[in-house]
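A.B. asks: Going down the list, the protein sequences come from chains A and B.
Each residue of the first sequence is one higher than the one before, starting from 1 at the first, in this note's numbering.
Each residue of the second sequence is one higher than the one before, starting from 159 at the first, in this note's numbering.
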Amino acid sequence: MRNQVNPKTEIILCISLILFSILVYYFALELPDPEYEPLGSAALPKALSVIMSLLSLIVIFRAIPRIKTYKNKDKINTEVISRPKLSIIIFIITLIFVGILDFNILGFLPSGIVYMTLIGFLMTHRDLKKLPYVFGFSIILTVSSFYIFTKFFYIDLP
Amino acid sequence: MDQLLNSFNYLFQLLPMLLLFIGVLLGIVVGSIPGLTTTMLITLTLPLTFFMESVNAITLLIGMYVGGISGSQIAATLLRMPGTPASIMTTFDGYPMSQQGKSERALGLGITASFVGGIVSWVFLAALSPPLAKLALTFGPWEYFTMVLMALVMLASLSQGSLVKGLIAACFGMMVHLPGVDPSIGQMRLTFGFESLESGLSLMPVLIGAFAVSQIFKDIINIDAKPPNVNVGRKKMMLSFSDIKKYSLNFVRSSVIGTWVGLLPGIGANIAAMLSYSTAKNSSKEPEKFGTGHEPGVVAAETANNASIGGALIPLITMGIPGSVVDAILIGALIIHNLEPGPLLFSTNPEIAYGVITAYLIGNIIMFGIMMFAVVHIAKVLYVPRAYLLSAILMFCVIGIFAVGNSFFDVWIMMIFGAVGFIMERTKMPLGPFVIGFVLSPIAEAQLRSGLMSTEGSIEPLFTRPFAATFLAISVISLIWAMYSEWKRSRELS
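1. Answer with buried or exposed for E262 of chain B, where buried requires no fewer than 16 other C-beta atoms within 10 angstroms of its C-beta.
2. Round the Cβ separation of E453 of chain B and Q231 of chain B to the nearest angstrom and send it over; I've been treating them as touching at under 8 Å.
3. Which residue wins for smallest C-alpha separation from G225 of chain B, given the options B:F208, B:A545, B:I523?
4. Helix, strand or coil, according to DSSP, for V339 of chain B in the structure here?
5. Could you tell me the distance, in whole angstroms, from the CA atom of P288 of chain B to the CA atom of N164 of chain B?
6. Using three-state DSSP, classify M305 of chain B as helix, strand or coil.
7. So, using beta-carbon positions, are I366 of chain B and L202 of chain B closer together than 8 Å?
8. Can you list the beta strand (DSSP E) stretches of 3 or more residues lying completely in the region 208-234 of chain B, in chain order?
9. Please classify I528 of chain B as buried or exposed, where buried requires at least 16 other C-beta atoms within 10 Å of its C-beta.
10. Among B:F303, B:V188, B:A309, B:W280, which one has its Cα closest to the Cα of G590 of chain B?
11. In chain order, what residues of the region 84-98 of chain A put their CB closer than 8 Å to some CB of chain B?
12. Can you confirm whether I60 of chain A, when its beta carbon is compared against all beta carbons of chain B, has any partner nearer than 8 Å?
13. What does the alpha-carbon distance come out to for the pair I374 of chain B and I119 of chain A?
14. Identify the continuous alpha helix (DSSP H) that holds V556 of chain B and give its terminal residues.
15. Check the Cβ-Cβ distances between L17 of chain A and every residue of chain B, and say whether any is below 8 Å.
16. Secondary structure at M333 of chain B, three-state DSSP: helix, strand or coil?
17. Closer than 7 Å, Cβ to any Cβ of chain A: which residues of the region 200-222 of chain B, in chain order?
18. For L422 of chain B, which residues of its own chain have a beta-carbon under 6 Å away from its beta-carbon, when the five flanking residues on both sides are left out?
19. If you measure from the beta carbon of D102 of chain A to each beta carbon in chain B, is any gap under 8 Å?
20. Is the CB-CB distance between I269 of chain B and F526 of chain B below 8 Å?
21. When the Cα atoms are used, what is the spatial distance from E30 of chain A to S342 of chain B?
22. For V322 of chain B, return the contacting residues in chain A, with the cut-off set at a CB-CB distance below 7 Å.
23. Let's test the definition: count the other Cβ atoms within 10 Å of the Cβ of N77 of chain A and tell me whether it reaches 16, buried, or not, exposed.
24. Who are the near neighbours of F607 of chain B in its chain, counting only those whose CB is closer than 7 Å to its CB and skipping five residues on each side?
25. Does any residue of chain B have a CB that is nearer than 8 Å to the CB of T9 of chain A?
26. How is M477 of chain B classed by DSSP in three states: helix, strand or coil?
27. Is the separation between the beta-carbon of F146 of chain A and that of L109 of chain A shorter than 8 Å?
28. Counting pairs of beta carbons, one from the region 503-514 of chain B and one from the region 619-632 of chain B, are three or more of them closer than 8 Å?
29. Go ahead and pull the three-state DSSP assignment for R347 of chain B.
30. Tell me, please, whether the CB atom of Y36 of chain A is closer than 8 Å to any CB atom in chain B?
31. Looking at chain B, is there any beta carbon in it that lies within less than 8 Å of the beta carbon of F27 of chain A?
32. With a threshold of 7 Å on Cβ separation, who are the neighbours of T117 of chain A within its own chain once the five nearest residues in sequence on each side are excluded?
33. Which same chain residues end up closer than 6 Å to M139 of chain B when comparing Cβ atoms and leaving out the 5 residues on each side of it in sequence?
34. Can you tell me whether T94 of chain A is buried or exposed, with buried defined as 16 or more other CB within 10 angstroms of its CB?
35. Round the Cβ separation of T516 of chain B and F166 of chain B to the nearest angstrom and send it over; I've been treating them as touching at under 8 Å.
36. Taking just the CA atoms, how far does L184 of chain B sit from S245 of chain B?
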């Protein structure tokens, strides 16, 4: 049970965490020395950066010997991860949806309906028979949430 | 006592009662759907509570907490898929009972056990909280710092997966809280040149991203998984008096275990259920029957996981220290409503402190009623098409977060932490220490620095003040114990 995680993923994650720690440490160096109390604003960021880097190194050293042995397990477990691509695609579509709203390209109502229909269609295995239901659901949900937020909570959606 | 009665009086009004009912019902429904967690429901509801009075908001969230933990037994019993980790132990005997055609009996036992666990732990909550809050008033910065340290270490050590990953998650959570104004001297730090980071990262986008968005993407991966059809009737659900008498010892023992395990910082309902289940098994005359559809197994697991909620609420309202991830979010809810979690809550906002206590009791009673009479219908929720459910939740995450701060910066942060949470889950890095690190790091830093200021840089009080020394000792022992257990496990595996 313990070593089911892909060691390469673990290594990439830990390298990212080390880089993040270096960045935090670098910016913490720019903070002024403590004046009114012994620790100062930089102490915690510096301490956490060092601790996290050391812990990440431990995970990396533990993961390296597992790279070769993991390959077989990966093949056995492929059926568990059934649709990772779908998850990534929907994540990207959601980012685009947020971008459209943030940069005022389209209003919430049209973009929301298109967004909901698109992700609903993808999640129903692009089944055209289900598309009218997905579309109907998208309209009802988007319009009702628009009115609830604007009329009931007095929050202007884009 | 007067405050408690006042609180009951308030709760029996229409709006708070309605909110509590809705909270419990939603909690049960969401808890019963594998993949959707109580944590997710509570984080998603937080933005909506902005528009409510603080007492009503907390009442609603407590209802969700109680309902969520209890509702998770439905899928655990019928499908062997625990709605939340709290019901993992229920699958061991609940599911075999269901397979033997005794679904109603298993659910009846589980519901009654949850109710009894809730009521017993409420007694502890109501009796212990006021004196504990008084004691906590004597605590200084060193006690608070070591208590936060203890919560973090215990959660990291007891999280699923490795200790190192738990500690990384805790450190990462603390680091995420660093940007913005330094809580002690008001110095701006680590904004990386972004103006939006000057006020720091808000709790809501980080929480919703890490728990709700990441969970949605995790569920999308397994969207093809369909639950098998099961039939549940309503007969044989209510336990007889002789049943209650038969399991009375198990009820009391599991309630006490659940409450005390819940009381320890960082330990959740799943550990409580596990400990209670193994105690029931070890003290049974027929231990070999456990795991085959044995009724005492369901009773032990369900009593303890519900009792742990009451236990976990004790450090929350008396000291502002979360007993579990959901409690950390509840602390976040209090902060959002400009309330200060901790011992002062009883004197400054008694309606909130006692509101939690009364809502927990009434929530359990409502949970029992709803589950007993509507579990047949609630079980049908298991078959709601995931495509509709997940897309709706994703949409609510986006507009909910936008609504809280009227800012798309928060929505981007939510998406980033959705990805972070997803990657952490995939690499088995626990999210619990991350969120508790995020919520508690400002308290830990401010208390440590204030302590050091008062002693002119000396850390002597860590060893000379009895409570601080005890909390520190517990932290060190937990860490050493976790390291030893991990070393022992790796030796066994090799």
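Glycine included, each C-beta is placed from N, C-alpha and C at the ideal position.
Note that the coordinates shown come from a computational prediction; the quantities given were computed from them, not determined experimentally.
C.D. replies: So, from the listed chains and residues:
1. buried
2. About 14 Å; that fails the 8 Å criterion.
3. B:I523
4. Here DSSP, grouped into helix, strand and coil, assigns V339 of chain B to strand.
5. 15 Å
6. In this structure, M305 of chain B counts as helix in the three-state DSSP scheme.
7. yes
8. none
9. So I528 of chain B counts as buried.
10. B:A309
11. P84, L86, S87, I90, F91, T94, L95, F97, V98
12. no
13. 12 Å
14. 544-563
15. yes
16. Under the three-state reduction of DSSP, M333 of chain B is assigned to helix.
17. F209
18. none
19. Look at D102 of chain A: its C-beta is under 8 Å from a C-beta on chain B.
20. yes
21. 18 Å
22. L55, I58, V59
23. The predicted position of N77 of chain A is uncertain, since its pLDDT is 49 and thus under 50; no value can be drawn from it.
24. A quick correction: the sequence has Arg, not Phe, at residue 607 of chain B. Beyond the five residues adjoining it in sequence on each side, R607 of chain B comes within less than 7 Å, by CB distance, of S342 in the same chain, given in chain order.
25. yes
26. In the displayed model, M477 of chain B falls within a helix according to three-state DSSP.
27. yes
28. These segments do not touch.
29. In this structure, R347 of chain B counts as strand in the three-state DSSP scheme.
30. yes
31. Contacts with chain B at 8 Å (Cβ-Cβ) include F27 of chain A.
32. V134, F135, S138
33. This structure leaves residue 139 of chain B out entirely; chain B is present only between 159 and 652.
34. Buried: at least 16 other Cβ atoms inside 10 Å.
35. Indeed they touch by this definition, with Cβ atoms about 5 Å apart.
36. 17 Å
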